[in-house]
Amino acid sequence: MRFTFRGKRISGNLVVVPENERSFVDEMKNFNFPEARSLKLKEVMGYDKRRIVKSGVCVSDLAVFGLRHLFEAGLIRPDEVDALLLVTQTPDHFMPATSSIIQGRLGLKQDMLCLDINQACAGYVIGLMQAFMLLEQESVRKVVLINADVLSRKASARDRNIYPLIGDAAAIAIVERDVEDSIIHASLKADGSRAQALTIPAGGLRLPSTPETAVLEDVGDNNLRAKDHLFMDGSTIFNFVQTEVPQLIEGLLAWAEISIGTVNYFLCHQPNRFMVQKLADKMKIPYAKMPSNVVEHFGNNGSATIPTVMAFNLRERLLHERLLVCLSGYGGGLVWAAMLLKLGKLSFNNIIEYK
Amino acid sequence: MDKPEFYQKLAEILDVEEVKPEDALKSFDVWDSLAILSVLAMADAKYGVSIKAEEIRSVVSAEDLASLVEAKQK
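Protein chains in written order, with my numbering: chain A, 1 to 355; chain B, 356 to 429.
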């Protein structure tokens, strides 16, 4: 499904990561595997350092911390926030919406829209699309888009398939109208028939959490996981990404009549270094144009990985230049999305620590 | 499919000098989830086929694995 937008831009990017850093080497003793194989996994996947919240920290805590930082630094005024979009799969509560909790904690004006969007790793592109659509309204001048998750709280510490790669973060983008009337192309696909490939089986109303759903089960390969925990069917996800994403991006570029060589950067979701590099290999994109180093420094922080790539790898360039970039997110749903836009001359592009 | 080349690639994944067609995959020390992921990445990149982890787990010998990849190519 294709979309176009005109005259919209990201004007600022802030990523909030927890101060609490974990190291794969320290944690690998939790897994029942030979040390040499764990080190091989580290080398191939790029597992090293990652940031996760301490117990009890919720999405609204990270988001409120980041927005307070922006208000105090004078980078946006509270009364300028006309819409607050929160993309998360780990809300504070079933109800109310966490975006409403954030609005209330910050004392934002009543004359605004608060909306939670339940999307996973494609959530940055989808959140931007929603922000662009809202900006068609005269009353909406600035949209705050927050991509935040604390998935480490739903990962089993005894599951080597998932635990060493998960990071937590909140990314905050300011989205507004652009005086340059450049065109933005986006493309999106969804396949709910494969929804079970990335799931937290228990804790919703279909299978409420009980003492039984908290019991760790041997799920093979010496990994232990409960139904309350995040499950990822790694091989299905790998094949999904390698099959669908190159087609989506190549189709988007062909439609926009842009060649791979013209695009300055491909800023893709970061499941792990291995998958990003395999994607680059498949599309014959040089690694220098497609950064893959977020997991080794921060972990896979869900829909915040693209903003993390922007702030960690392109901090200065995106403050001073406008670059043609292709964003692509893919994951839970399953959903895969890509967007081609001019990005840069941001008023801020930082990573800060939540304390 | 160039079978000797396939066995050579498999040997690299399994950290051994050589893999023979009749070798049982489970007989290798490092036949684990990481090795399986490496095999499906190799099948995708080199042979352009998608294989599921369960399919890889269900075959016994290196030759069976080569046949699985070859069958998918058609």
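We treat Cβ as the ideally placed atom computed from N, Cα and C, and that holds for glycine.
Being a predicted model, the structure only gives us computed values, none of them experimental.
For residue i, go through chain B and note every residue whose CB falls closer than 7 Å to its CB, in chain order.
i              : result
K40 (chain A)  : L389
Q242 (chain A) : D399
K278 (chain A) : A396, A400
D191 (chain A) : Correct list: empty, because the minimum Cβ distance to chain B is about 14 Å.
D221 (chain A) : D387, S388
R273 (chain A) : None at all; the shortest Cβ gap to chain B is about 12 Å.
Strictly below 8 Å CB to CB, what residues from chain A border residue i?
i              : result
L369 (chain B) : Per Cβ cutoff of 8 Å: no residues; L369 (chain B) is ~11 Å from chain A at best.
A417 (chain B) : Those within 8 Å of A417 (chain B) in chain A number zero; the least Cβ separation is about 19 Å.
A366 (chain B) : Going along chain A, no residue has its Cβ under 8 Å from A366 (chain B), so there is no contact; the nearest lies around 15 Å.
Find the residues of chain A that neighbour residue i, judging by a C-beta separation of less than 7 Å, and give them in chain order.
i              : result
S405 (chain B) : N239, T243
L392 (chain B) : G234, S235, F238
A379 (chain B) : Those do not exist, as A379 (chain B) stays about 18 Å from chain A at its closest Cβ, beyond 7 Å.
Cβ of residue i versus every heavy atom of the ligand FMN: is any distance shorter than 7 Å?
i              : result
P271 (chain A) : As presented, the structure is devoid of all ligands, the ligand FMN included, so that no description of it is given.
Can you tell me which of the options puts its alpha carbon nearest to the alpha carbon of residue i?
i              : options                        : result
I117 (chain A) : A:L108, A:D149, A:E136         : A:D149
D384 (chain B) : B:D399, B:M397, B:A366         : B:A366
D111 (chain A) : A:T88, A:E176, A:A83, A:L128   : A:A83
M161 (chain A) : B:F361, B:D387, B:Q363, B:D378 : Per the sequence presented here, residue 161 (chain A) reads as Asn, with Met not at that position. Among B:F361, B:D387, B:Q363, B:D378, the Cα nearest to that of N161 (chain A) is on B:D387.
A311 (chain A) : A:F3, A:R6, A:G12              : A:G12
L145 (chain A) : A:N301, A:G127, A:E138, A:S152 : A:G127
L267 (chain A) : A:N222, A:I306, A:F274         : A:I306
A171 (chain A) : A:L62, A:G46, A:E43, A:A36     : A:L62
V15 (chain A)  : A:S55, A:R51, A:L341           : A:R51
D378 (chain B) : B:E418, B:Q363, B:E425         : B:E418
E176 (chain A) : A:I352, A:K8, A:R2             : A:K8
F3 (chain A)   : A:M129, A:V215, A:T243, A:F71  : A:M129
K427 (chain B) : B:S405, B:A396, B:I411, B:R412 : B:S405
G344 (chain A) : A:E180, A:G332, A:H185         : A:E180
L389 (chain B) : A:G46, A:S23, A:K29, A:E27     : A:G46
G203 (chain A) : A:Q89, A:V295, A:H185          : A:Q89
Q242 (chain A) : B:L420, B:A398, B:S416         : B:A398
G66 (chain A)  : A:Q103, A:F94, A:E321          : A:Q103
Y287 (chain A) : A:R273, A:E296, A:N300         : A:R273
L115 (chain A) : A:S152, A:A122, A:A97, A:L230  : A:A97
State the start and end residues of the unbroken beta strand (DSSP E) segment that holds residue i.
i              : result
F3 (chain A)   : 2-6
N147 (chain A) : 142-149
L86 (chain A)  : 83-87
F266 (chain A) : 265-268
V325 (chain A) : 322-331
L113 (chain A) : 113-117
A170 (chain A) : 169-177
Secondary structure at residue i, three-state DSSP: helix, strand or coil?
i              : result
P16 (chain A)  : For clarity, residue 16 (chain A) is Val in the given sequence; the question names Pro instead. Looking at V16 (chain A) - three-state DSSP - the assignment turns out to be strand.
A157 (chain A) : coil
L216 (chain A) : coil
G302 (chain A) : helix
I76 (chain A)  : coil
G344 (chain A) : strand
K49 (chain A)  : strand
D26 (chain A)  : helix
A379 (chain B) : strand
M95 (chain A)  : coil
N313 (chain A) : helix
P307 (chain A) : helix
G56 (chain A)  : coil
V262 (chain A) : The displayed chain sequence assigns Thr, not Val, to residue 262 (chain A). If DSSP states are grouped into helix, strand and coil, T262 (chain A) belongs with the helices.
R194 (chain A) : helix
Checking the sheet assignment: what are the DSSP bridge partners for residue i?
i              : result
A186 (chain A) : A:F3, A:M339
E353 (chain A) : A:V17
F231 (chain A) : A:T199
R9 (chain A)   : A:E176
I166 (chain A) : A:N300
R225 (chain A) : A:E217
Where does the unbroken alpha helix (DSSP H) through residue i begin, and where does it stop?
i              : result
N239 (chain A) : 234-256
R37 (chain A)  : 35-45
E425 (chain B) : 417-428
K401 (chain B) : 388-402
I101 (chain A) : 98-106
F274 (chain A) : 273-283
F361 (chain B) : 358-368
Q130 (chain A) : 123-134
R412 (chain B) : 408-413
For residue i, decide whether its Cβ has a neighbour in chain C, counting only Cβ atoms nearer than 8 Å.
i              : result
V414 (chain B) : In the structure shown, chain C does not exist; the protein chains are A and B.
Run down chain B in chain order and give the residues with a C-beta less than 9 Å from the C-beta of residue i.
i              : result
N161 (chain A) : S388
D281 (chain A) : A400
Which residues in chain A sit within 9 Å of residue i, going by Cβ to Cβ distance?
i              : result
A337 (chain B) : In the structure displayed, chain B extends from 356 to 429; residue 337 (chain B) sits before or after that span and is not available.
What in chain B is Cβ-close to residue i, meaning under 8 Å?
i             : result
V44 (chain A) : L389, S393
R37 (chain A) : V385, D387, L389
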